[in-house]
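Numbering (the numbering used here), first residue to last: 2 to 140.
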């Protein structure tokens, strides 16, 4: 199973801490969109409306069980999947090479950062981690 998830813990009990994390995360996300996509691009508008807007509203305006969106870091997912018998597996070298190739070929590829967190690939923008991709198998 391949999992792609936000690489940030926005599910914090303190409003100030949650607000700060959300502010920095979405600042990087909007900077990425603004740099890479035209303002009138339909795909950009979909990302802003369906991902960014919903995420910001849910994480800032709601708390705890009221929240429809609960982003947590990869370590939380690791412990969750392990509890249900999944084991994280390494991404293939071919998939890592493909990710590096794509980043090198896009116009603003130098602004993207790729790194590893254990066996997961992290994708960031100008040093700010945005997403991770991990692979899991059932034991």
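Here a beta-carbon is modelled for each residue, glycine too, at the ideal position from N, C-alpha and C.
Our two residues, residue 101 and residue 55, have alpha carbons roughly 30 Å apart in a direct line. A distance below 7 Å separates the beta carbons of residue 60 and residue 23. Excluding sequence positions up to five before and after residue 29, its CB lies within less than 6 Å of the CB of 126, 129, all in the same chain and listed in chain order. In the structure shown, residue 85 adopts coil according to DSSP, grouped into three states.
When secondary structure is reduced to three states using DSSP, residue 140 falls in the coil class, being assigned neither helix nor strand.
When only Cα atoms are considered, residue 81 and residue 9 end up about 16 Å apart.
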